[in-house]
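*Asks:* In this note's numbering, the protein residues as written are 5 to 340.
We put the CB at the ideal spot given by N, CA and C, even for glycine.
Everything numeric in this text was worked out from a predicted model, so none of it was measured.
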Amino acid sequence: MILEFNLENKKEYLFQTDNFRFNNGQTLASVTIGITSFGYPKFDADGQITNAILLLHGTSGTAESWFIPSLTQFLFTSNNPLNQKDYFFIVPDSLGHGRSSKPSDKFGMNFPHYGYLDMVHLVKLAICKTFPITCLFAVIGTSMGGMHTWLMALEFKRFIRKAVAIACMPYEISGRNLLWRKIITSTMDTIVTECANDTVVIDSVFKNIWPLFSVMTDSATHLQRIAPNREKSLLHHTQLINNSSTLNAVDMMYRLSASFDYNPEPHIEKLDIPFLMINFKDDLLTPLEVMNIQELLKRNSNLTINIIDPDNNFSFGHQNLSQGKIWGTLVDQFIR
């Protein structure tokens, strides 16, 4: 269970829109987006909120992913980068996650096959209909949320002042990052098709393949520290299987497949706001070997790229995105 930080002025919302049409032409009679807000809004003369920061979570997470101690203690408390007394935070459950509409609600494989563009359009719609906001002070996203940050910065002109994308790249999902996803989704698609009504079999297969996600998103040094021999490695494998019990197999199939329409790279020149991308040197999902940093920087002067080389003794690879002490100061310096 996630331990919740003391969020000041915390409120929960459920935004609902009817007859939503997805980019592929599919429709859903009603779509719900769950939102958590905390902090204190500031208003201009027209009654618009001026200090709103949108926080976007990753593929396996929800809004609550932002409320773990390794983030809250180093970001939102007094004298830390994103002091909740200075900003008004909006933290949605993206489509397919948490309290928002998702396949496991009642639809299963009949749920519309959404993409990242559908997800960001629903987030923007939910924000604008729930709060008096015409322009966000900043958007900060991690992993999938970082990719959504790229899309929002390019799609919604004059809606965002500054953007920060953590643990992602502006390239379409391909190579190793697509292959590991496809291994999971293809396996699950086969099982769901063949055993549609046998949830025991479906859950069993999912639990046994899901540890691949943790292997891809952790660092080699951290895995070696916690599993330095065969016995401890097998125990950790069992723990990873048990950790999957909070996830739904069909929901995860949809989430991992939703990146099919993500590819901001051809549009880098259109980026017209200050944009900070933060990556980690030992992140398997964002390998420096395939990212042409200098070429990206030359294409748009609004873009800043910071590659963090964490101490191997304390690094978590892709999961450094959950370590606010590593990147919080960089974000603070950028958005102020």
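#1: Taking the beta carbon of G51 as the centre, do at least 16 other beta carbons fall within 10 Å, making it buried, or is it exposed?
#2: With H, G and I counted as helix, E and B as strand and the rest as coil, what does DSSP make of F78?
#3: If you drop the 5 nearest sequence neighbours on each side, which residues of the same chain put their C-beta closer than 6 Å to that of N181?
#4: Quick check for students: name the residue ranges of the beta strand (DSSP E) that lie wholly in the segment 204-259, counting only runs of 3 or more.
#5: Within the same chain, show all residues whose beta-carbon is closer than 6 Å to that of Y17, passing over the 5 residues directly before and after it, in chain order.
#6: Of the choices F19, T333, S326 and T225, whose alpha-carbon is the least far from that of P73?
#7: Assuming V143 and A167 form a contact by the criterion Cβ under 8 Å, report the distance between their Cβ atoms to the nearest whole angstrom.
#8: Using CA coordinates, which residue listed in P215, S263 and F264 is at the minimum distance from N246?
#9: So the alpha helix (DSSP H) G150 belongs to, where does it begin and stop?
#10: With H, G and I counted as helix, E and B as strand and the rest as coil, what does DSSP make of R162?
#11: CA-CA distance, S173 and D265?
#12: May I ask which residues mark the beginning and end of the beta strand (DSSP E) holding I311?
#13: Under a three-way DSSP split, which group does L280 fall into?
#14: Spatial neighbours of P136 within its chain, please: CB distance less than 8 Å, with the 5 preceding and 5 following residues excluded, ordered by chain position.
#15: Give me the Cβ distance between S319 and S223, rounded to the nearest whole Å; I'm assuming they're in contact under 8 Å.
#16: Looking at V95 and L59, is the spacing between their C-beta atoms short of 9 Å?
#17: Taking the alpha carbon of H322 as the point to measure from, which residue in I57, A171 and R162 has its own alpha carbon closest?
#18: Candidates N324, K14 and M156: which alpha carbon is nearest D313's?
#19: Kindly confirm or deny that the segment 109-129 and the segment 11-26 touch, where touching means at least three C-beta pairs closer than 8 Å.
#20: Taking only the alpha-carbon atoms, compute the straight-line gap between G179 and E293 and give it to the nearest angstrom.
#21: Taking its Cβ as the centre, do 16 or more other Cβ atoms sit within 10 Å of L238, making it buried, or is it exposed?
#22: For the beta strand (DSSP E) containing Q20, name the first residue and the last one.
#23: Pull up the DSSP beta-bridge partners for F42, would you.
#24: Mapping DSSP to helix, strand and coil, what is G145?
#25: Taking just the CA atoms, how far does F92 sit from L14?
#26: Considering only heavy atoms of the ligand GDP, does any lie closer than 8 Å to the CB of F42?
*Replies:* Result, derived from the coordinates:
#1: Residue mapping note: residue 51 aligns to position 47 of the sequence shown, counting from 1. Exposed, since its Cβ has fewer than 16 Cβ neighbours within 10 Å.
#2: By 1-based counting over the sequence shown, the position of residue 78 is 74. Here F78 sits in helix by DSSP.
#3: One-based indexing of the sequence shown puts residue 181 at position 177. Excluding residues within five positions, the ones whose Cβ falls inside 6 Å are L289.
#4: DSSP runs (the beta strand (DSSP E)) wholly in the segment 204-259: none.
#5: Here residue 17 is taken as the residue at index 13 of the sequence shown, counted from 1. In chain order, I39 and T134 place their CB closer than 6 Å to the CB of Y17, counting only its own chain and leaving out the 5 sequence neighbours on each side.
#6: As a working note, residue 73 is residue 69 in the sequence shown. Scanning F19, T333, S326 and T225 for the CA closest to the CA of P73 turns up S326.
#7: Residue numbering aside, residue 143 sits at position 139 when the sequence shown is read from its first letter. Residue numbering aside, residue 167 sits at position 163 when the sequence shown is read from its first letter. Yes, V143 and A167 are in contact; Cβ-Cβ is about 5 Å, under 8 Å.
#8: On the sequence shown, position 242 is the one that residue 246 refers to. Closest option to N246, Cα to Cα, is P215.
#9: Translated into the one-based positions of the sequence shown, residue 150 becomes position 146. Residues M148 to E159.
#10: Sequence index remark: in the sequence shown, residue 162 carries index 158 (1-based). Three-state result, R162: coil.
#11: By one-based count along the sequence shown, residue 173 stands at place 169. By one-based count along the sequence shown, residue 265 stands at place 261. Inspection of the sequence shows that residue 173 is occupied by Met rather than by Ser. For M173 and D265, the distance between alpha carbons rounds to 14 Å.
#12: Here residue 311 refers to the residue found at position 307 when the sequence shown is read from its first residue. Annotation: the continuous beta strand (DSSP E) that includes I311 extends over L307 to I312.
#13: As a working mapping, residue 280 is identified with position 276 in the sequence shown. It is a strand residue.
#14: Here residue 136 refers to the residue found at position 132 of the sequence shown. Hits under 8 Å: F47, G51, Q52 and I53.
#15: Here residue 319 corresponds to residue number 315 of the sequence shown, with the count starting at 1. Here residue 223 corresponds to residue number 219 of the sequence shown, with the count starting at 1. With 8 Å as the limit, S319 and S223 qualify as a contact, their Cβ atoms being about 5 Å apart.
#16: Counting from one through the sequence shown, the residue named residue 59 turns up at place 55. Counting from one through the sequence shown, the residue named residue 95 turns up at place 91. Yes; because the gap between Cβ atoms is below 9 Å, this pair is in contact.
#17: Walking along the sequence shown from the start, residue 322 turns up at place 318. Comparing C-alpha distances from H322 to each of I57, A171 and R162 shows the shortest one belongs to A171.
#18: Taking the sequence shown and counting its residues from 1, the one referred to as residue 313 is at position 309. When only C-alpha atoms are compared, the closest one is N324.
#19: Three or more beta-carbon pairs separated by less than 8 Å link the segment 109-129 to the segment 11-26, which places the two stretches in contact.
#20: On the sequence shown, position 175 is the one that residue 179 refers to. On the sequence shown, position 289 is the one that residue 293 refers to. Each residue's CA atom was taken as its position, placing G179 and E293 some 12 Å apart.
#21: The residue labelled residue 238 in the question sits at position 234 within the sequence shown. Exposed, by the Cβ-count rule.
#22: Position 16 of the sequence shown, counting from 1, holds the residue named residue 20. In this chain, the beta strand (DSSP E) harbouring Q20 covers K15 to R25.
#23: The count along the sequence shown starts at 1 and reaches residue 42 at position 38. Among the bridge pairs identified by DSSP, F42 is matched with F93.
#24: The residue you call residue 145 lines up with position 141 of the sequence shown. Correct three-state label for G145: strand.
#25: Here residue 14 refers to the residue found at position 10 when the sequence shown is read from its first residue. Here residue 92 refers to the residue found at position 88 when the sequence shown is read from its first residue. This sequence places Lys at residue 14; Leu is not what is there. Near 10 Å, if we compare the C-alpha coordinates of F92 and K14.
#26: Summarising the ligand content, the structure contains no ligands, and the ligand GDP is consequently not present.
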